[in-house]
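Colleague: Have a look at this one.
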Amino acid sequence: MNGLREQRGAAIELSRVSKAYGSFKALDDISLQIQPGEFMTLLGPSGSGKTTTLNVVAGFTEVSSGTLQIGGSNVVGVPAHKRNIGVVFQHYALFPHMTVGRNVAYPLRLRGVGKAELETRVRRALDMVKMADFAYRYPSELSGGQQQRVALARSIVFDPPLLLMDEPLGALDKKLREWLQLEIKRIHRELGTTFVYVTHDQEEALVLSDRIAVFNRGRIEQIGTGHDLYDAPETLFVGRFIGDSTVLRGAARSDGSSTALDVAGETVTVPRRHRDTDRPVMLLRPEKLVMRKPGVDRSDNENRLSGTVSEAIYLGSGSKYEVLLRDGSTGIVRSSLTDQSFAIGDAVELCFRGADAKLLADDSTADTTLT
Amino acid sequence: MSAGAARAEEDTGSASRRSLRPLALALPALVLLVAVIGIPLATIVLRSFNDPEWGFQNYVWFFGTPVNLVVLQRTFTMAAWVTVVCVICAYPYAYAMSVAGPKIRLLLTLCVLIPFWVSGVVRTLAWMILLQDSGIINMVLRAGGFEGIRLIRTQTGVIIGMAQILLPFMILPLYSVMKGIDLRLVQAARSLGAAPPRAFFSVYLPLSLPGVYAGAIIVFILALGFYITPALLGGPRSTMLSTLVQNQVLSLLQWGRGGAMGVVLLVATFLLLALAGPLMRQRYKLAAR
Chain B
1 MNGLREQRGA AIELSRVSKA YGSFKALDDI SLQIQPGEFM TLLGPSGSGK
51 TTTLNVVAGF TEVSSGTLQI GGSNVVGVPA HKRNIGVVFQ HYALFPHMTV
101 GRNVAYPLRL RGVGKAELET RVRRALDMVK MADFAYRYPS ELSGGQQQRV
151 ALARSIVFDP PLLLMDEPLG ALDKKLREWL QLEIKRIHRE LGTTFVYVTH
201 DQEEALVLSD RIAVFNRGRI EQIGTGHDLY DAPETLFVGR FIGDSTVLRG
251 AARSDGSSTA LDVAGETVTV PRRHRDTDRP VMLLRPEKLV MRKPGVDRSD
301 NENRLSGTVS EAIYLGSGSK YEVLLRDGST GIVRSSLTDQ SFAIGDAVEL
351 CFRGADAKLL ADDSTADTTL T
Chain D
1 MSAGAARAEE DTGSASRRSL RPLALALPAL VLLVAVIGIP LATIVLRSFN
51 DPEWGFQNYV WFFGTPVNLV VLQRTFTMAA WVTVVCVICA YPYAYAMSVA
101 GPKIRLLLTL CVLIPFWVSG VVRTLAWMIL LQDSGIINMV LRAGGFEGIR
151 LIRTQTGVII GMAQILLPFM ILPLYSVMKG IDLRLVQAAR SLGAAPPRAF
201 FSVYLPLSLP GVYAGAIIVF ILALGFYITP ALLGGPRSTM LSTLVQNQVL
251 SLLQWGRGGA MGVVLLVATF LLLALAGPLM RQRYKLAAR
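Next comes the structure, spelled out in structure tokens:
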């Protein structure tokens, strides 16, 4: 314990890490650098390798190849109990035969901390998660959210420079999850510890993280801030996984400075060239699309696609529409309260500026992995 | 928490109506127990007081005869040793069963159960062949240049034989507790800084204790009343109470004295269980959480 707040998180560097189980590659050449004190989220669907990555860092899983550095020293081959890392599990993993207080004291006892200091630190950790009144309860007497807060206290009480969290809120209901997200954010700010957080919930990732690494099929598709991933996805998978999106596919034509797609007889143009090797698709965020009645307000540099409203969802602050396009795909549009409202079955045109569309390489796995 | 609340509600909801139904289900077994255990037991207790005449003379004889007390003490000591040997052998075995894949688990389960299906007499005779002075163990020892050891007609021989026969009663309750232990708790302990032995002793062992207690009670009680194995494998210095009972009843036709011995054993067992009870209940409660 340092009296001054000089305690800092550890930097982590995974370099070309692979993990194979027989012929199955759980991790395929992963490289990831995490800054001291950063909140990094590993986001992806189940089986994408995010939990394997966490287990590799924790020391529960040995890498097949590659190097792993924590706080500047190589930890490949160092057993889990010598890594001094806090881990919070989805299933809480509180010791059922110990009270809350003894659970939180456990890592301190292992480190031979004296009685007086032990009590102070246990109390401080329980205070931090607002569970100080429960020190003499057994885990079975607590709700899921309370258990997870105790687990969090237990994993920070020994001041680890790195805290790993494996879908810690996965078993909790939505309201509690949202509140605990804010608690976790606060604790991260107060501690200055490096947090690595695994989730499959993109909203949770956006709420919590400094940066997000998006995993798919044992690889990292993109690393960036939530803003980067939403506004500038590098792959179709990332674009589909983060936020809502409309994906347009069709025969592509490219001339020097722009690319045109033929979407079921209607042509849309983007003022960019696509790479020759790729089959291009266009990705559009809901707020970049404007929905109008057919034939109204034409302007020349605007792309237009015709379709039919297939779903209208009232969100309070606005509405979300799903529009069935001519080629059978679905467009997603968000509108504010002041905009004109539409009903299911209305014929509409979706309009957007070419510059707002992302031109990405098609990837058939992007759809299958999401479902 | 909500599951617990729901359960509590269910319990209080219609307790009176529910309490009779399980009793009906248990009726056939209850009838059988009363017929084959209750009545003979009552008879034995009765005879200990009225055979050959009413009074405490059988108990006066039992506690007034030093050899009886020696044998009584020896019976408890040997039962304790058998229990200890069973715990030591069964614990790693049950652990292996609980973590093994389905095929190995089946094999291990069969290895426990197959000897279980062979009669105790047959197994005791098999142990005689192994343990006797010219038996396989001593042959191997002598072939290896060691001196032979005396196993048959010793307490060691009896303990070995009884432990082997009673082992399944220790393994099965241990296994059923161990397979319910979440091994991820051990992983959590490791992440908090516990080296593997420490993680075992501070997390796994306490959670497995209910199984140890359950198995130990069954083995201990069965060992107290064991007759065939001590009779066949033992010698005069390893006589257990059951042999004395048999002697009084079948050779000397002293039903009253045999009955008094049986009652003493029964009461001593109850006393022991009453002492161990509170400790165990507490452990159970904690581990069940």
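Chain order of the listed sequences is B and D.
The first sequence maps to residues 1 to 371 in the UniProt record's numbering.
The second sequence maps to residues 1 to 289 in the UniProt record's numbering.
Backbone N, C-alpha and C fix where the C-beta goes; we use that ideal spot for every residue, glycine too.
Predicted model only: the values in this text are computed from it and were never measured.
How about the region 231-242 of chain D and the region 194-210 of chain D: do they share at least three Cβ pairs that are nearer than 8 Å?
Modeller: Taking 8 Å as the limit for Cβ pairs, the verdict is that the region 194-210 of chain D does not touch the region 231-242 of chain D.
Colleague: Look up B:Leu283 in the DSSP assignment and give the residues it is bridged to.
Modeller: Bridge partners of B:Leu283: B:Val247, B:Lys358.
Colleague: Just by C-beta distance, which residues in the region 60-89 of chain D are closer than 8 Å to chain B?
Modeller: Under the 8 Å Cβ criterion, the region 60-89 of chain D contributes no residue.
Colleague: Would you mind telling me which residues of chain D sit closer than 8 Å to B:Pro36, beta carbon to beta carbon, in chain order?
Modeller: By Cβ distance, chain D contributes nothing, its closest Cβ being about 20 Å from B:Pro36, past 8 Å.
Colleague: Do D:Gly235 and D:Val245 have their C-beta atoms within less than 8 Å of each other?
Modeller: Their beta carbons are not under 8 Å apart, which means D:Gly235 does not touch D:Val245 by this criterion.
Colleague: Need the endpoints of the alpha helix (DSSP H) that B:Thr120 sits in, please.
Modeller: Note, B:Thr120: alpha helix (DSSP H), 115-128.
Colleague: Count the other CB atoms, across all protein chains shown, that sit within 10 Å of the CB of D:Tyr175; report buried if there are 16 or more and exposed otherwise.
Modeller: D:Tyr175 is buried by the Cβ-count criterion.
Colleague: With B:Val56 as the anchor, note down where its alpha helix (DSSP H) starts and where it stops.
Modeller: Start and end: 50-58.
Colleague: For the alpha helix (DSSP H) containing B:Gln340, list its first residue and its last residue.
Modeller: From DSSP, B:Gln340 is part of no alpha helix (DSSP H); its letter is neither H nor E.
Colleague: Below 9 Å between beta carbons is the criterion; list the residues of the region 184-198 of chain D that meet it against any residue of chain B, in chain order.
Modeller: Correct list: Arg184, Leu185, Gln187, Ala188, Ala189, Arg190, Ser191, Leu192, Gly193, Ala194, Ala195, Pro196, Arg198.
Colleague: Based on the DSSP output, what are the partners of D:Thr239 in its beta bridges?
Modeller: Looking at the DSSP assignment, D:Thr239 forms no beta bridge with any residue, so it has no partner.
Colleague: Please compile the residues from chain D whose C-beta is within a distance smaller than 8 Å of the C-beta of B:Phe195.
Modeller: The premise fails here: B:Phe195 is roughly 15 Å from chain D at the closest Cβ pair, so nothing lies under 8 Å.
Colleague: Pair every Cβ in the region 153-165 of chain D with every Cβ in the region 74-87 of chain D, then say whether three or more of these pairs are closer than 8 Å.
Modeller: Flag = yes, the region 153-165 of chain D and the region 74-87 of chain D touch.
Colleague: So, helix, strand or coil for residue 372 of chain B, using DSSP?
Modeller: Nothing can be reported for residue 372 of chain B, as the shown portion of chain B is limited to 1 through 371.
Colleague: Quick one: what's got a C-beta closer than 7 Å to B:Phe158's C-beta in the same chain, skipping five residues either side?
Modeller: Closer than 7 Å at Cβ, skipping near neighbours: Pro107, Leu108, Arg111.
Colleague: Classify D:Asn58 as helix, strand or coil using the three-state DSSP reduction.
Modeller: Here D:Asn58 sits in helix by DSSP.
Colleague: Is there a Cβ from chain B that is less than 8 Å from the Cβ of D:Pro40?
Modeller: Judged by the 8 Å Cβ criterion, D:Pro40 is not in contact with chain B.
Colleague: Kindly say whether B:Pro161, judged by its beta-carbon, lies nearer than 8 Å to any beta-carbon of chain D.
Modeller: It does not: the Cβ of B:Pro161 has no partner Cβ on chain D nearer than 8 Å.
Colleague: On the premise that B:Gly9 lies in contact with B:Thr193, defined as a C-beta separation below 8 Å, what is that separation, rounded to the nearest angstrom?
Modeller: Contact holds; Cβ gap of about 5 Å.
Colleague: From D:Gln254, D:Trp127, D:Ile165, D:Ile218, pick the residue whose C-alpha is nearest to that of D:Phe62; which is it?
Modeller: For the residues D:Gln254, D:Trp127, D:Ile165, D:Ile218, the minimum Cα distance to D:Phe62 belongs to D:Gln254.
Colleague: CB-CB under 7 Å to residue 380 of chain B, same chain, minus the five flanking residues each way: which ones, in chain order?
Modeller: Residue 380 of chain B cannot be examined here, being either before or after the span of chain B that is shown, 1 to 371.
Colleague: Does any residue of chain D bring its CB to less than 8 Å from the CB of B:Ala125?
Modeller: No, B:Ala125 does not count as interfacial toward chain D.
Colleague: Checking the sheet assignment: what are the DSSP bridge partners for B:Gln222?
Modeller: Its beta-bridge partners are B:Val214.
Colleague: Out of curiosity, what's the CA-to-CA distance linking B:Tyr21 and B:Arg83?
Modeller: B:Tyr21 and B:Arg83: Cα-Cα distance of roughly 24 Å.
Colleague: Measure the C-alpha to C-alpha separation of B:Ala219 and B:Ser364 and round it to an integer number of angstroms.
Modeller: It is worth fixing the name first, because residue 219 of chain B is Arg in this sequence and not Ala. Taking the straight line joining both Cα atoms gives about 16 Å.
Colleague: If I measure Cβ to Cβ from B:Leu162 and keep anything under 6 Å in the same chain, skipping five residues before and after, which residues do I get?
Modeller: Within the same chain, B:Leu162 has close Cβ partners Ala10, Ile85, Thr194.
Colleague: Closer than 8 Å, Cβ to Cβ, to anything on chain B: give me those residues from the region 202-228 of chain D, in chain order.
Modeller: Within the region 202-228 of chain D, the qualifying residues are Ser202, Val203, Pro206, Leu207.
Colleague: Apart from the five residues just before and just after D:Phe169, which ones in its own chain have a Cβ nearer than 7 Å to its Cβ?
Modeller: Cβ neighbours of D:Phe169 beyond the five flanking positions: Gly215, Ile218, Val219, Leu222.
Colleague: If you reduce the DSSP assignment to three classes, tell me which class D:Gln132 lands in.
Modeller: If DSSP states are grouped into helix, strand and coil, D:Gln132 belongs with coil.
Colleague: Report yes if the C-beta distance between B:Arg285 and B:Ser245 is below 8 Å; otherwise report no.
Modeller: The answer is yes: Cβ separation under 8 Å.
Colleague: Could you please give the first and the last residue of the uninterrupted beta strand (DSSP E) stretch that includes B:Arg353?
Modeller: Where B:Arg353 is concerned, the enclosing beta strand (DSSP E) stretches over 347-353.
Colleague: Does the Cβ of B:Ile313 have 16 or more other Cβ atoms within 10 Å, making it buried, or fewer, making it exposed?
Modeller: Answer is exposed; the Cβ neighbour count stays below 16.
Colleague: Report buried or exposed for B:Pro139, applying the criterion of at least 16 other Cβ atoms within 10 angstroms of its Cβ.
Modeller: By the 10 Å Cβ count, B:Pro139 comes out buried.
Colleague: So is B:Glu221 buried or exposed if we call it buried at 16+ other beta carbons inside 10 Å?
Modeller: Buried, because 16 or more other Cβ atoms sit within 10 Å of the Cβ of B:Glu221.
Colleague: Is B:Phe60 close to chain C? Criterion is C-beta to C-beta, closer than 8 Å.
Modeller: Here the protein chains are B and D, and chain C is not one of them.
Colleague: Note down, in chain order, every chain D residue with its Cβ under 7 Å from the Cβ of B:Ala80.
Modeller: Those are Arg190, Ser191, listed as they occur along chain D.
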